[in-house]
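Colleague:
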Amino acid sequence: MRFMMLMIPKGYESAAPGTLPEADAVATMMKYNEALQNAGVLLALDGLHPPSMGARVHFAGGKPSVTDGPFAEAKEVLGGYWMIEVKSREEAIAWAMRCPASDNEVIEIRQVMDMADFPEDVQQAAAGFDEMRQPARDVP
Amino acid sequence: MTAADIQRTVGAVWRIESPRLIAGLMRLVRDLGIAEECAQDALVAALEHWPASGVPDNPGAWLMAAAKRRAIDRLRRDQLLMRKHDALVHALEETLEQASFGAEAALDDPFDDDLLRLVFVACHPLLSTEARVALTLRLLGGLTTEEIARAFLVPEPTIAQRIVRAKRSLAEKGVPFEVPRGDALGERLASVLEVLYLIFNEGYSATAGEDWMRPALCEDAMRLGRVLAGLMPQEPEVHGLLALMELQASRAQARTDADGTPVLLLDQNRARWDRLLIGRGLVGLARAEKLGGALGPYALQAAIAACHARAATAEATDWPRIAALYAELARVVPSPVVELNRAVAVAMAAGPQAGLDIADALRETPALAHYHLLPAVRGDLLAKLGRGAEARSAFEEAAALTRNVRERDLLLRRARDCA
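Top line first, the protein sequences correspond to chains A and B. What the first sequence shows, in the numbering used here, is residues 20 to 159, in sequence order. What the second sequence shows, in the numbering used here, is residues 7 to 425, in sequence order.
Set out below in structure tokens:
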């Protein structure tokens, strides 16, 4: 089963555009990433630029509207993620506990949904949606 | 944390730590049975201590220290061997003193050769394939005997026996705890890769039963493949096999419809293919090719799987390239089954007659005498050529050869559809 480990660094919600982690923090984290990779559990990982460089699209009233970052209302924002494939929720937690994170950081663990988790009617609805996304077959 | 929470946590830590733990102990005690027993003793100690003391900061180092203490106790208990093992006990105690418990130290711990040695011991060719599979899942995958038994739909005592006998054979034959060198390496590595691919296929092949553990076997095989790719980054076939497994697994969700009926590759909904695994598989294949392994049997099969993965629609499939890759594969590992696959690819690339010529040439091959897919392929190609009567008898022949009810129904339906 797949889990996302979501890194939530406190203070990142107000970080200036272009803020990057320190070199020694990156070096320590690289060792952790290597440990995940060597254990065969790491599928993907990425770090995210601060919200001050991003934007939010709101759908209040059913109409999209855009707010540029930083977002005054955000108390916690993502700094990055790891996608891992492990045997259990406990194993995902055990891996998160090994992260050399600093005391302003939180890792949230979330299981990735699998089609098999859904009842059959939802699966069929999703399959229909997938068909719609398929490129039309008769177009050369 | 409740006692049940602790137990699950210990189980998870075991899954993470046991391969390295057993590998590290193996170097010290040189006996798989003793190494595993000491590791399990350490696990029991963890189950006793952690509920009261909490899970330590570095559970791996804790387990290793506990396991080494058990190893020392064991060696001391045995009075007869005491003198002989004096030096060993001393060495063990020294490493125990050096044990570090910082979380940082755990990450610093280099992925040393011990784990790779353990891989080669578990997959030693003197063991039967079944024994290699069971031992690999147990020692390197961190699976329990019960989990292995469930995955392979066999009784637990059978697996337990298999593992005990395998460990005994390794000890009796004095199999050294080492990574083979020189000419032996290629052959021994082939044995390791075979075991991983067998585990993968056991999970991937749509055999009877809807046991939820079976897709997990694919994940176990891929996890072991990734571990091996980290241990042997210069071996192209390791990357080739991992790429092959990831590319095949990327189609897992699309291979059956909502009621479990198999969906053929060309009919699959490609939007349900796993893009993450496809991306990883393509990168792995490129790595294998860059390392000079483009013509390895696994890399070639991965390259064929990659042709499908790259095609946005079934119609966009690069059949000439697939046919050429099968020709290459048939040259590297000659096999009538590969040749039959080539016939299908050639038919897609150059028309049914060209494919039928290849398939017809296989009719006298004894190895395919009872292989239902040969007449099934011939039936399909004959039908496309408008040779209805011949197609019908080919489909009927195929239906009589298959043991799968669903497949037989399909073949008989196709036979009836022939004019």
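Each residue gets a CB set at the ideal place from its N, CA and C atoms; glycine is no exception.
#1: Enumerate, from N- to C-terminal direction, the unbroken alpha helix (DSSP H) stretches of 4 or more residues contained entirely within the segment 378-403 of chain B.
#2: Find out if the Cβ-Cβ distance for the pair valine 106 of chain A, arginine 21 of chain B is shorter than 7 Å.
#3: Counting only beta-carbon atoms, is isoleucine 154 of chain B nearer than 7 Å to chain A?
#4: Verify the CB distance criterion: does methionine 48 of chain A have a CB-CB separation below 7 Å to chain B?
#5: Between B:Arg276, B:Asp226 and B:Thr408, which lies nearest to leucine 61 of chain A when the distance is taken from Cα to Cα?
#6: With DSSP collapsed to three states, give me the class of phenylalanine 107 of chain B.
#7: Compute the beta-carbon to beta-carbon distance between valine 352 of chain B and leucine 306 of chain B, rounded to the nearest angstrom, for a pair I have assumed lies under 8 Å.
#8: Can you tell me the Cβ-Cβ gap for alanine 249 of chain B and glycine 290 of chain B, rounded? I've got them flagged as a contact below 8 Å.
#9: Distance, Cα to Cα, aspartate 63 of chain B vs glutamate 413 of chain B?
#10: Output, in sequence order along the chain, the residues in the segment 34-45 of chain A whose CB is closer than 9 Å to any CB in chain B.
#11: Taking 7 Å as the CB-CB limit, is glycine 59 of chain A close to chain B?
#12: Determine the closest residue to proline 131 of chain B out of B:Asp120, B:Val170 and B:Val181, with distance taken between C-alpha atoms.
#13: Check the C-beta distance from leucine 69 of chain B over to alanine 48 of chain B and give it rounded, since I have them as a contact under 8 Å.
#14: In whole angstroms, give me the CA-to-CA distance for glutamate 110 of chain B and aspartate 122 of chain A.
#15: Please report the straight-line C-alpha distance between alanine 91 of chain A and lysine 82 of chain A, rounded to a whole angstrom.
#16: May I ask you to report which of helix, strand or coil DSSP gives alanine 254 of chain B?
#17: Nearer than 6 Å: is that true of the beta carbon of alanine 63 of chain A relative to any heavy atom of the ligand SAH?
#18: If you reduce the DSSP assignment to three classes, tell me which class glycine 59 of chain A lands in.
#19: Using a Cβ cut-off of 9 Å, pull out every chain B residue sitting near serine 107 of chain A, in sequence order please.
#20: Can you give me the Cβ contacts of leucine 391 of chain B inside the same chain, cut-off strictly under 6 Å, excluding the 5 residues immediately before and after it?
#21: DSSP three-state label for tryptophan 101 of chain A, please.
#22: Glutamine 130 of chain A by DSSP, collapsed to three states: which one?
#23: Suppose you measure from the CA of isoleucine 12 of chain B to the CA of glycine 246 of chain B; what does that come to, to the nearest Å?
#24: Which residues in the same chain as glycine 66 of chain A place their Cβ atom closer than 7 Å to its Cβ, once the five residues preceding and following it in sequence are excluded?
#25: Would you report the Cα separation of histidine 314 of chain B and tyrosine 304 of chain B, rounded to the nearest angstrom?
#26: Counting along the chain, where does the alpha helix (DSSP H) carrying arginine 75 of chain B start and finish?
#27: Does the beta-carbon of glutamine 130 of chain A have 16 or more other beta-carbons within 10 angstroms, so that it is buried, or is it exposed?
#28: Among A:Asp136, A:Asp140 and A:Val125, which one has its Cα closest to the Cα of isoleucine 27 of chain A?
#29: Just grab the DSSP bridge partners of glutamate 124 of chain A for me.
#30: Please classify glutamine 240 of chain B: is it buried, with 16 or more other beta-carbons within 10 angstroms of its beta-carbon, or exposed?
#31: Just to confirm the assignment: which complete alpha helix (DSSP H) runs, minimum length 4, are found wholly within the segment 285-337 of chain B?
#32: Do we get a CB-CB distance below 7 Å when we pair glutamine 274 of chain B with the residues of chain A?
#33: Is there a Cβ of chain B sitting closer than 7 Å to that of glutamate 124 of chain A, yes or no?
#34: Does the beta carbon of alanine 212 of chain B sit closer than 7 Å to a beta carbon anywhere in chain A?
#35: Are the C-beta of glutamine 254 of chain B and some C-beta of chain A separated by less than 7 Å?
#36: Going by DSSP, what residues sit across from proline 268 of chain B in a beta bridge?
Modeller: Taking the geometry as given:
#1: 379-390
#2: Along the first sequence, read from residue 1 onward, the residue named residue 106 of chain A stands at position 87. Along the second sequence, read from residue 1 onward, the residue named residue 21 of chain B stands at position 15. The sequence given here has lysine at residue 106 of chain A, not valine. Pairing lysine 106 of chain A with arginine 21 of chain B gives a Cβ-Cβ distance under 7 Å.
#3: Within the second sequence, numbered from 1, the residue matching residue 154 of chain B stands at position 148. Output row for isoleucine 154 of chain B: interface = no.
#4: Your numbering for residue 48 of chain A matches position 29 in the first sequence. No, its Cβ sits nowhere closer than 7 Å to a Cβ of chain B.
#5: Position 42 of the first sequence holds residue 61 of chain A. If we check each option's Cα against that of leucine 61 of chain A, B:Asp226 comes out closest.
#6: The count along the second sequence starts at 1 and reaches residue 107 of chain B at position 101. Reliability fails at phenylalanine 107 of chain B, whose pLDDT of 44 lies under 50, so the model's placement of it is uncertain and no value is given.
#7: Taking the first residue of the second sequence as position 1, residue 352 of chain B is located at position 346. Taking the first residue of the second sequence as position 1, residue 306 of chain B is located at position 300. So it is not a contact: roughly 16 Å between Cβ atoms.
#8: Position 243 of the second sequence, counted from the first residue, corresponds to residue 249 of chain B. Position 284 of the second sequence, counted from the first residue, corresponds to residue 290 of chain B. Confirmed, Cβ separation roughly 3 Å.
#9: Position 57 of the second sequence, counting from 1, holds the residue named residue 63 of chain B. Position 407 of the second sequence, counting from 1, holds the residue named residue 413 of chain B. Roughly 54 Å separates the two Cα atoms.
#10: none
#11: Residue mapping note: residue 59 of chain A aligns to position 40 of the first sequence, counting from 1. Between glycine 59 of chain A and chain B, the shortest Cβ-Cβ separation is below 7 Å.
#12: The residue given as residue 131 of chain B occupies position 125 in the second sequence. Here the closest residue by C-alpha is B:Val181.
#13: The count along the second sequence starts at 1 and reaches residue 69 of chain B at position 63. The count along the second sequence starts at 1 and reaches residue 48 of chain B at position 42. The C-beta distance from leucine 69 of chain B to alanine 48 of chain B rounds to 5 Å, short enough to meet the 8 Å contact threshold.
#14: Counted from its first residue, the second sequence places residue 110 of chain B at position 104. Counted from its first residue, the first sequence places residue 122 of chain A at position 103. Caution is warranted here: a pLDDT of 44 is assigned to glutamate 110 of chain B, below 50, making its placement in the model unreliable, and the coordinate value is therefore given only provisionally. If you take the alpha carbons of glutamate 110 of chain B and aspartate 122 of chain A, they lie about 15 Å apart.
#15: As a position in the first sequence, residue 91 of chain A is number 72, starting the count at 1. As a position in the first sequence, residue 82 of chain A is number 63, starting the count at 1. So the alpha carbons of these two residues sit roughly 21 Å apart.
#16: Here residue 254 of chain B is taken as the residue at index 248 of the second sequence, counted from 1. The question names alanine, but residue 254 of chain B is glutamine in the sequence shown. Residue state, collapsed to three classes: helix.
#17: Questions concerning the ligand SAH fall outside what the structure shown contains, since it holds no ligand whatsoever.
#18: Taking the first residue of the first sequence as position 1, residue 59 of chain A is located at position 40. If DSSP states are grouped into helix, strand and coil, glycine 59 of chain A belongs with coil.
#19: Taking the first sequence and counting its residues from 1, one reaches residue 107 of chain A at position 88. Those within 9 Å of serine 107 of chain A in chain B are Arg14, Gly17, Ala18 and Arg21.
#20: In the second sequence, residue 391 of chain B corresponds to position 385, counting from 1. Same-chain partners within the cutoff: Pro358.
#21: Numbered from its first residue, the first sequence carries residue 101 of chain A at position 82. Correct three-state label for tryptophan 101 of chain A: strand.
#22: Indexing the first sequence from 1 puts residue 130 of chain A at position 111. Strand, per DSSP.
#23: Here the question's residue 12 of chain B lines up with position 6 in the second sequence. Here the question's residue 246 of chain B lines up with position 240 in the second sequence. Approximately 39 Å, taken between the alpha carbons.
#24: Residue numbering aside, residue 66 of chain A sits at position 47 when the first sequence is read from its first letter. Result list for glycine 66 of chain A: Gly98 and Gly99, in chain order.
#25: As a first step, residue 314 of chain B must be located in the second sequence, where it is residue number 308. As a first step, residue 304 of chain B must be located in the second sequence, where it is residue number 298. The straight-line gap from Cα to Cα measures roughly 16 Å.
#26: Along the second sequence, read from residue 1 onward, the residue named residue 75 of chain B stands at position 69. Taken as a continuous stretch (DSSP letters only), the alpha helix (DSSP H) holding arginine 75 of chain B covers 65-83.
#27: Counting from one through the first sequence, the residue named residue 130 of chain A turns up at place 111. Glutamine 130 of chain A is exposed by the Cβ-count criterion.
#28: Position 8 of the first sequence, counted from the start, is the residue given in the question as residue 27 of chain A. Per the Cα distances, A:Val125.
#29: On the first sequence, residue 124 of chain A is found 105 positions in, with the first residue counted as 1. Note: glutamate 124 of chain A sits in a beta bridge opposite A:Pro28.
#30: Residue numbering aside, residue 240 of chain B sits at position 234 when the second sequence is read from its first letter. Result: exposed.
#31: 303-316
#32: Taking the second sequence and counting its residues from 1, the one referred to as residue 274 of chain B is at position 268. Not a single C-beta of chain A is nearer than 7 Å to the C-beta of glutamine 274 of chain B.
#33: Position 105 of the first sequence, counted from the start, is the residue given in the question as residue 124 of chain A. No, no contact with chain B.
#34: Position 206 of the second sequence, counting from 1, holds the residue named residue 212 of chain B. Interpretation of alanine 212 of chain B is limited by its pLDDT of 46, a score under 50 that renders its predicted location unreliable; no figure is taken from the coordinates.
#35: As a first step, residue 254 of chain B must be located in the second sequence, where it is residue number 248. Under the 7 Å criterion on CB atoms, glutamine 254 of chain B is classed as non-interfacial with respect to chain A.
#36: Start at 1 with the first residue of the second sequence, and residue 268 of chain B comes out as number 262. Paired residue(s): B:Thr262.
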